[in-house]
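Just so you know, the sequences run in chain order V and X. Adding 3 to a residue's 1-based position in the first sequence gives its number in the numbering used here. Adding 20 to a residue's 1-based position in the second sequence gives its number in the numbering used here. Encoded as structure tokens, the structure appears first; notes follow it.
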Amino acid sequence: MTYKFEPTIIGFTCNWCSYRAADLAGTARIKYPPNVRLVRLMCSGRLDPTFVFKALASGADGVIITGCHPGECHYLEQNYKALRRFQLMRRTLVGLGLEPGRVKLIWASAAEGARFASEINIFVEEIRALGPLHWGVPDDEEPSTVHSPLSEMEVPA
Amino acid sequence: MSDKPKFAMYWAASCGGCEIAVLNTNEKILDVDANFDVVFWPVAMDAKYKDVEAMQDGSILLTLFNGGIRTDENEHIAKLLRQKSKILVAFGSCANEGCVPGLANLSDAREIVHTAFNTVSTDNPKQVYPMTSYDVPEGEICIPKILPTLKTLDQVVDVDYYMPGCPPESHQIAAVIDLVIQVLQGKAELPPKGSVIGAGNSTVCDECQRARNVKTITSFNRIFGQEIDPDLCLLEQGIPCNGVATRSGCNARCPTAGAQCIGCYGPAEGVVDYGARLVSAFASVIDAKEPDEIDRILDGIPDPAGQFYRFNLAGSLLRAGKSAWEKA
Numbered sequence: 004m005t006y007k008f009e010p011t012i013i014g015f016t017c018n019w020c021s022y023r024a025a026d027l028a029g030t031a032r033i034k035y036p037p038n039v040r041l042v043r044l045m046c047s048g049r050l051d052p053t054f055v056f057k058a059l060a061s062g063a064d065g066v067i068i069t070g071c072h073p074g075e076c077h078y079l080e081q082n083y084k085a086l087r088r089f090q091l092m093r094r095t096l097v098g099l100g101l102e103p104g105r106v107k108l109i110w111a112s113a114a115e116g117a118r119f120a121s122e123i124n125i126f127v128e129e130i131r132a133l134g135p136l137h138w139g140v141p142d143d144e145e146p147s148t149v150h151s152p153l154s155e156m157e158v159p160a
Numbered sequence: 021m022s023d024k025p026k027f028a029m030y031w032a033a034s035c036g037g038c039e040i041a042v043l044n045t046n047e048k049i050l051d052v053d054a055n056f057d058v059v060f061w062p063v064a065m066d067a068k069y070k071d072v073e074a075m076q077d078g079s080i081l082l083t084l085f086n087g088g089i090r091t092d093e094n095e096h097i098a099k100l101l102r103q104k105s106k107i108l109v110a111f112g113s114c115a116n117e118g119c120v121p122g123l124a125n126l127s128d129a130r131e132i133v134h135t136a137f138n139t140v141s142t143d144n145p146k147q148v149y150p151m152t153s154y155d156v157p158e159g160e161i162c163i164p165k166i167l168p169t170l171k172t173l174d175q176v177v178d179v180d181y182y183m184p185g186c187p188p189e190s191h192q193i194a195a196v197i198d199l200v201i202q203v204l205q206g207k208a209e210l211p212p213k214g215s216v217i218g219a220g221n222s223t224v225c226d227e228c229q230r231a232r233n234v235k236t237i238t239s240f241n242r243i244f245g246q247e248i249d250p251d252l253c254l255l256e257q258g259i260p261c262n263g264v265a266t267r268s269g270c271n272a273r274c275p276t277a278g279a280q281c282i283g284c285y286g287p288a289e290g291v292v293d294y295g296a297r298l299v300s301a302f303a304s305v306i307d308a309k310e311p312d313e314i315d316r317i318l319d320g321i322p323d324p325a326g327q328f329y330r331f332n333l334a335g336s337l338l339r340a341g342k343s344a345w346e347k348a
């Protein structure tokens, strides 16, 4: 049997819009891939970047964050806060070498079950294309190559 | 040999600032000498690893360990001192959370060695690289091997207490020395294992005297090249000051002196990931709703990974940049 990579994705949804969109997708029997594990928050503004860092450090290949459309937040404007946090968080993760496409923010209202399912479809395929992440630290065993010359490598002075 | 309890201090991957901070306790260092028998302290006295190896397990009462674990020698001594010590303290930012040496975790270890031995500032025409072992007529000689990433002390051994700071403030060190002496005299009890000692339980902002109002940030700027209000919160003035996520204990020295907090006391009580807390705090106070406008403001923080993890990368959830662990 050949190994087929199935992405592990953590999704954060807001109680008032995107979680209901996911619910609607379910009741409407719209199919979307089972790769995403949804975590319901009361609001996308509750999303502490720690959750995303922990997901990535614990083996997630990608993280999708969903919230109400701009202007439609149940708590007035916390989804704007989520947007700002997302943008700064993604810059930080890119600074740590992560591909920017592994984290994504989308908006979905409670009526957008079909759209929610299609966004999950798209994201799963994007992560599949990026391949496994398996964020980790190297084994304690020192790779034998650490001390050998790396003549092909350009290092700016 | 005296009957006094034994004291040791060791430096792994560190700069030596922690030992200077200990000596900066001035005459308090005489109390250390009066109450302890200093058995091992490579910076201050001559002792060999074999002397430590010959000691009984648990015979050193107190070991202050500073520095991160960068080489197999660091790791060996960390394990050795753990075995020989009753109380092992992760002393200073490097041992606690990696500190500046931990920023090397943004790079692959080969790249680090390469940079050290083969950049324009290094005259190395024959491409000579160090060998970790070499046979000579007298036998094999070895130098320590660099590990793939820098680790914090508690990622390698069990740690009893954590004392943060780069370096820990001398008045905090003096207070800890006093406490340990009082414990020896039966006048005080040790805090529970795993406690952070020699620091506060709040944030730098709590100790900062600058006035704080509602923050609405429209641009992030570096601290030079603009007028800074000496009485107003630096973050409010668009200076990326890390005080909001940083543990108190330094009396807000940097903001008091007019410079932003860079976070050397590490994560405040209850903060799981220092950088994530700062991302959250900084993004919350930006006054913008449009992605492009937010991006323009965020351009004022050119190196977010460095800004948020200057002292904390090795101790963070992600621990290293991707290139440090990715198999080539």
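Backbone N, C-alpha and C fix where the C-beta goes; we use that ideal spot for every residue, glycine too.
- Per DSSP, Lys213 (chain X) lies in no beta strand (DSSP E) and is assigned neither H nor E.
- Here Gly335 (chain X) is near Glu117 (chain X), since their CB atoms are less than 7 angstroms apart.
- For a Cβ distance threshold of 7 angstroms, nothing in chain V lies close to Pro260 (chain X): the least Cβ distance comes to about 11 angstroms.
- By the C-beta density criterion, Met65 (chain X) is exposed, having fewer than 16 other C-beta atoms within 10 angstroms.
- Contact of Leu170 (chain X) with chain V is not assigned, every C-beta pair being separated by 7 angstroms or more.
- Val196 (chain X) and Ile217 (chain X) do touch by the CB rule: their CB atoms are close to 6 angstroms apart, below 8 angstroms.
- Among the residues facing chain V, Gly341 (chain X) is included, as its CB has a counterpart in that chain under 7 angstroms away.
- Gly65 (chain V) sits in a strand when the DSSP states are folded into three classes.
- Listed along chain V, the residues sitting closer than 7 angstroms to Ile306 (chain X) by beta-carbon distance are Arg87.
- Only Val292, Asp293, Gly295, Ala296, Arg297, Val299, Ser300, Phe302, Ala303, Ser304 from the region 290 to 305 of chain X bring a Cβ to less than 8 angstroms from some Cβ of chain V.
- Beta-bridge analysis with DSSP links Glu160 (chain X) to X:Asp155.
- With fewer than 16 neighbouring CB atoms inside 10 Å of its own CB, Asp77 (chain X) falls in the exposed class.
- By the criterion of at least three beta-carbon pairs nearer than 8 angstroms, the region 81 to 88 of chain X is not in contact with the region 155 to 166 of chain X.
- In the pairwise beta carbon analysis, the region 21 to 31 of chain V is classified as not touching the region 85 to 92 of chain V: fewer than three pairs are separated by under 8 angstroms.
- Secondary structure of Tyr294 (chain X) (DSSP, three-state): helix.
- At a cut-off of 7 angstroms, the C-beta of Lys107 (chain V) has no neighbouring C-beta in chain X.
- A direct Cα-Cα distance of roughly 19 angstroms separates Leu50 (chain X) from Tyr30 (chain X).
- Leaving aside the five residues that flank Leu43 (chain X) on each side, the residues in its chain whose CB is nearer than 7 angstroms to its CB run, in chain order, Ile49.
- For a Cβ distance threshold of 8 angstroms, residue set Pro73, Glu80, Tyr83, Leu86 of chain V lies close to Lys309 (chain X), ordered along the chain.
- Shortest Cα-Cα distance from Val39 (chain V) to any of V:Cys46, V:Pro135, V:Ile67, V:Met92 involves V:Ile67.
- For Trp345 (chain X), the nearest beta carbon of chain V is closer than 7 angstroms to its own beta carbon.
- For Cys17 (chain V), the secondary structure class from DSSP, reduced to helix, strand or coil, is strand.
- Leaving aside the five residues that flank Ala25 (chain V) on each side, the residues in its chain whose CB is nearer than 7 angstroms to its CB run, in chain order, Thr16, Leu41, Phe119.
- Beta-bridge analysis with DSSP links Tyr30 (chain X) to X:Phe85.
- Counted as a single uninterrupted DSSP element, the beta strand (DSSP E) harbouring Phe60 (chain X) occupies residues 57 to 60.
- Its chain contains Lys26, Lys104 as the residues whose beta carbon lies nearer than 7 angstroms to that of Ser79 (chain X), once the 5 sequence neighbours on both sides are disregarded; these appear in chain order.
- One alpha carbon belongs to Gly278 (chain X), the other to Gln229 (chain X), and they sit about 11 angstroms apart.
- The beta-carbon of Leu318 (chain X) is placed less than 7 angstroms from the nearest beta-carbon of chain V.
- For Phe56 (chain V), the nearest beta carbon of chain X is closer than 7 angstroms to its own beta carbon.
- Look at Ile314 (chain X): its C-beta is under 7 angstroms from a C-beta on chain V.
- The C-beta of Pro52 (chain V) comes closer than 7 angstroms to at least one C-beta of chain X.
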